[in-house]
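If you use this note's numbering, the sequence shown corresponds to residues 2 to 180, in order.
Since the structure comes first, as structure tokens, the remarks are kept for the end.
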Amino acid sequence: MFTYEPGFPSGYAPGGAYYDLPTPTTETYFGFWWKPSNPWQSHASGVNKIALLFPVTPAAGTIYIMMFFDGHKYTIQTETTFDTDTRRLEPNLTATPVVLGKWHQIEWYVRYSSSPSSHNGVVRWWLDGVPQGAYADLQMPPDPGFIEYTVRPIWGGGVGETKKQRDSFSYGPVHISKH
2 MFTYEPGFPS GYAPGGAYYD LPTPTTETYF GFWWKPSNPW QSHASGVNKI
52 ALLFPVTPAA GTIYIMMFFD GHKYTIQTET TFDTDTRRLE PNLTATPVVL
102 GKWHQIEWYV RYSSSPSSHN GVVRWWLDGV PQGAYADLQM PPDPGFIEYT
152 VRPIWGGGVG ETKKQRDSFS YGPVHISKH
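Shown next as structure tokens:
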């Protein structure tokens, strides 16, 4: 469990767990159990990061999965922050609302584009076994692939806010596979 105490600043995580691969992979599955506290104070940006995948070239950016708040409900979304492709990917199959205080199973599949100039990288994700999003037009960095899996609950998409209440993200078993 990672706990955010009142006064915790945005743009940071209260901790994290990392798994570094011995060799990069261009195709991966990252599944885990996760529970947000109830209540939960969202960041004004709506961004509440859950887990991240880092490519070999850290300066090239990352891809992460998050609980996003649109002002009405929380959904699971993905965002790429690559130099070659930066955008928030909303659920385009099903937008299952996240139930605060409940354990959820998150599954996340990512595949690199076939070349640095191709826009055919893939991301798919599921919440509690229900497909949420599927995109097949990502442009990945010009490097050998992902090298690090991170469970690091970064609160917010920017700095300047602080937590007003005690919140937490809990994580259960994690499963990683690579091709």
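Positions of the beta carbon are idealized from the N, C-alpha and C atoms, including for glycine.
Would you mind giving the Cβ-Cβ distance between residue i and residue j, rounded to the nearest angstrom? I have them listed as a contact below 8 Å.
i: Val-175; j: Phe-33; result: 4 Å
i: Gly-164; j: Tyr-19; result: Before going on, a small fix: residue 164 reads as Lys here, not Gly. Between Tyr-19 and Lys-164 the Cβ distance is about 23 Å, and since that is not below 8 Å, they are no contact.
i: Trp-109; j: Phe-31; result: 5 Å
Excluding five sequence neighbours on each side, which residues of the same chain lie with their C-beta closer than 6 Å to the C-beta of residue i?
i: Gly-1; result: The structure shown does not extend to residue 1, since the chain spans only 2 to 180, so no value can be given for it.
i: Gly-158; result: Ser-46, Val-48
Of the choices the options, whose alpha-carbon is the least far from that of residue i?
i: Thr-58; options: Ser-171, Gly-146, Gly-157; result: Gly-146
i: Asn-49; options: Glu-91, Phe-69, Tyr-30; result: Phe-69
i: Thr-87; options: Gln-140, Met-67, Tyr-113, Ser-116; result: Gln-140
i: Leu-90; options: Gln-106, Met-67, Asp-84; result: Met-67
i: Ser-169; options: Gly-16, Ser-38, Gly-12; result: Ser-38
i: Ser-11; options: Pro-132, Gln-42, Asp-21, Ala-60; result: Gln-42
If the criterion is Cβ atoms closer than 9 Å, does the pair residue i and residue j meet it?
i: Gly-134; j: Leu-94; result: yes
i: Thr-76; j: Leu-54; result: no
i: Val-99; j: Lys-74; result: yes
i: Thr-81; j: His-180; result: no
i: Pro-56; j: Asp-144; result: yes
i: Tyr-136; j: Arg-125; result: yes
i: Tyr-150; j: Ala-52; result: yes
i: Ile-148; j: Leu-22; result: yes
i: Pro-117; j: Thr-85; result: yes
Within the continuous beta strand (DSSP E) that includes residue i, where are the two ends?
i: Thr-163; result: No beta strand (DSSP E) contains Thr-163, which DSSP labels as neither H nor E.
i: Asp-21; result: 18-26
i: Phe-147; result: 147-152
i: Thr-82; result: 75-83
Excluding the 5 residues flanking residue i on each side, which residues of the same chain have their C-beta closer than 8 Å to its C-beta?
i: Phe-9; result: Pro-15, Trp-156, Thr-163, Lys-164
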